[in-house]
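Novice:
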Amino acid sequence: MGGNNSKGDLLKHQEFLENKILSSSKTKKQSKEIQFNEEYVDEIHKNSKKSKKEKTQLIVKYKKDLAKLHITLQSLFRLYSQKKRFLNEINSTKLLQAELKRHLAQHFYTNKKQLPFLQIQKTLISWSLKTQHQKCVLKTIQIQTVLRSKLQKDHYKKVKKSNIIIQTALRQMYLSKKFQNLRYSIILVQNNIRRYQERRKFFQNISRVINIQKQLKKHRLQKQLKREINKKRTINELYKTEFDYQEYLNKLEVYFIKCIREQGILSKEEINKTFVGLESIKFLSGYFVSELAVVKKKWNIGSNIGTILVKNVKFFQSYIPYVNNYQNCTNKITELMNKNKKFKRLIAINQKNKKLDKLDILSLSIMPVQRPSRIKLLVERIIKNTLPNHGDYSNLKRAYEEMENVCISINEKRREFEAIIKFQDLIQNLSSSNKKYKKLLLQPTRKLIKMYPMKSIQSSSKRYFFYLFNDILLIVGKTKLKKYKIKEKMNIGNILKLSYINQVKKNCPQYLFFKYNSCVYNNYDFINIDDIDDFFIRFNSASKEKLKNLVNKKKREILLSSYQKK
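In full-length UniProt numbering, the protein residues as written are 1 to 566.
(1) Are the CB atoms of cysteine 407 and proline 368 within a distance shorter than 7 Å?
(2) Can you tell me where the beta strand (DSSP E) holding glycine 286 begins and where it ends?
(3) Where does leucine 498 fall in DSSP's three states?
(4) By the DSSP assignment, the beta strand (DSSP E) with valine 476 in it spans what residues?
(5) Determine whether the beta carbon atoms of leucine 426 and tyrosine 484 lie at a separation below 7 Å.
(6) Look up proline 453 in the DSSP assignment and give the residues it is bridged to.
(7) Rounding to the nearest angstrom, what Cα-Cα distance links arginine 195 and serine 185 in this structure?
(8) The alpha helix (DSSP H) with asparagine 405 in it runs from where to where?
(9) Would you decide whether alanine 98 is buried or exposed? Buried here means 16 or more other CB atoms lie within 10 Å of its CB.
(10) Does DSSP classify lysine 485 as helix, strand or coil?
(11) Going along the chain, which residues of its own chain have a beta-carbon closer than 6 Å to the beta-carbon of isoleucine 166, five neighbours each way excluded?
(12) Indicate the three-state DSSP secondary structure (helix, strand or coil) for asparagine 389 in the structure shown.
(13) Rounded to the nearest angstrom, what separates lysine 352 and leucine 362 at their Cα positions?
(14) Can you tell which of Leu292, Asn429, Ala348, Ile281 has its C-alpha closest to the C-alpha of phenylalanine 316?
(15) Grab the span of the alpha helix (DSSP H) containing proline 368 for me, first residue to last.
(16) If I measure Cβ to Cβ from threonine 93 and keep anything under 6 Å in the same chain, skipping five residues before and after, which residues do I get?
(17) Should serine 24 be labelled buried (16 or more other beta-carbon atoms within 10 Å of its own) or exposed?
(18) Taking three-plus beta-carbon pairs below 8 Å as touching, is the segment 416-425 in contact with the segment 312-329?
(19) Express the C-alpha separation of glutamine 222 and tyrosine 452 in angstroms, rounding to a whole number.
(20) What residue from Lys214, Met337, Tyr239 has the CA that sits closest to residue 576's CA?
(21) As an exercise, report each continuous alpha helix (DSSP H) stretch of at least 4 residues that is fully enclosed by the segment 196-278, in chain order.
(22) Between which two residues does the alpha helix (DSSP H) holding lysine 311 run?
(23) In terms of residues, what are the limits of the alpha helix (DSSP H) holding lysine 344?
(24) Do you know how far the Cα of glutamate 270 is from the Cα of methionine 403?
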């Protein structure tokens, strides 16, 4: 009975242990922890198209869940190891029990002593309980291992799926990040390439600009060098021509004037009247040559010639008497050539002289008349080859202006002198019928402004001359004996000189206008009128188109180069 009770107790104890193991809170908690929430997988599928922040939040959540699963697996492995140790201990107890049995058997059979039955029964019960306990434990372990293996398989599958989904999501995120990084890097590379190309272009442009600047500098230097070369050439030409001019004046003095004085062809007073101021011209030319020679020797880029020109240009006023008297000089020389045999012989001898370079007295005597205009042109060339910022430019400009004034005054004096000669020629060659006009014409205030040769429209063979004085206008014809006959005399109020008009400067050298209300003769020399309404000047149809651009809007009439009676 005792044995059956003990067996029943053992079975009850085994069932109690199995129920306890199955209903233990730890195993339930572990099973709950082991269960993987499938909703996470669905959320990953649903939220794959969400924004970056939401995706990052989901990934963090999934990582936390994975960490929890890892912790539960570690706890399960720990329990497994503890139970393995327990089984090892049970095996060791079995061995101990076997040894005890062997030891007891030896003890009973050797000593031949019998223990009391109750004591043996108790020991057997304890051994049976221990064996049943061990069996129960083994069964529970087997059950737990089976359950755990099933749970682990399910959990592993779910974890694998979730891992795959997470990996795909992470891969997509990584790829998108990688793509963005690649895109950003491509943009950076493109920007760097663009900058490099821009820098390259910039440096190429800089090199081109530097080359252009070098070429410009070269060109400027070449220009400056050309200017300096031309300037030096003109200064050398000025010196050479002035030196030759002085030599020719000396030859005129030695070979002609001295011979005329020594041979008694002309007296000293007559020579001075014929060649007025020639000695002073010669002296000034020599002084000018000496100063030019000093400048020529010490010439460089920074040298100045303007001060010398300004100083010497003032002395060119001494040319005016010679230029005014040049017509008398030529008349006297032609008269001597026609009448004086000694003079003819002298000229014939000098023509054979090689030192004169085949120049006669007339060609030598005209040189002082031409010299001022020649120097003016050379000074103009020097100014052209001098930069405005040069220190000598202002002096050169001043010298040119003074030289121009000298040339203008020389030309004006020459015109006045020519007008006097023409006026004298008119008075001397008046016909006998016009002798009464001599006293009228010879007045101290009267001056001849211009003489105009004209053609009549009625008969082209008839020629007339218009003598325009400061107070009258004479229309003069010529007789068969080549004497002057006054056809008409007109009183004129203020004769005024006009400036040159650029459009017809080539055709008409100078323009005049005068006020005359009842002009009988019209269509003679070109006259331009400004802001005076009481001029009545007509022009023919042929000249009308040419002069159309020059006439103002006001009704004015223009006098042309012929006349006609109404």
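Note that CB positions come from ideal geometry on N, CA and C, so glycine has one too.
Specialist: Judging by the given coordinates:
(1) no
(2) Annotation: glycine 286 is outside any beta strand (DSSP E); the continuous alpha helix (DSSP H) that includes it extends over 278-297.
(3) Residue placement at leucine 498 is poorly supported in this model, since its pLDDT is 35, which falls under 50; the coordinates are not used for a value here.
(4) 472-478
(5) yes
(6) Proline 453 pairs with Phe465.
(7) Roughly 15 Å separates the two Cα atoms.
(8) 393-428
(9) Alanine 98 is exposed by the Cβ-count criterion.
(10) In this structure, DSSP gives lysine 485 an extended state, which the three-state scheme calls strand.
(11) Tyr62
(12) coil
(13) Distance between the alpha carbons of lysine 352 and leucine 362: 16 Å.
(14) Ile281
(15) Under the DSSP assignment, proline 368 falls in the alpha helix (DSSP H) whose first and last residues are 367-384.
(16) none
(17) Here serine 24 scores only 46 on pLDDT, less than 50, and its place in the model should not be relied on; the value that follows carries that caveat. That one is exposed.
(18) yes
(19) CA-to-CA, the gap between tyrosine 452 and glutamine 222 works out to about 52 Å.
(20) Nothing about residue 576 can be read from this structure; the chain reaches only from 1 to 566.
(21) Here the runs fully enclosed are 258-263, 268-274.
(22) Counting along the chain, the unbroken alpha helix (DSSP H) around lysine 311 starts and ends at 306-313.
(23) 341-351
(24) 31 Å
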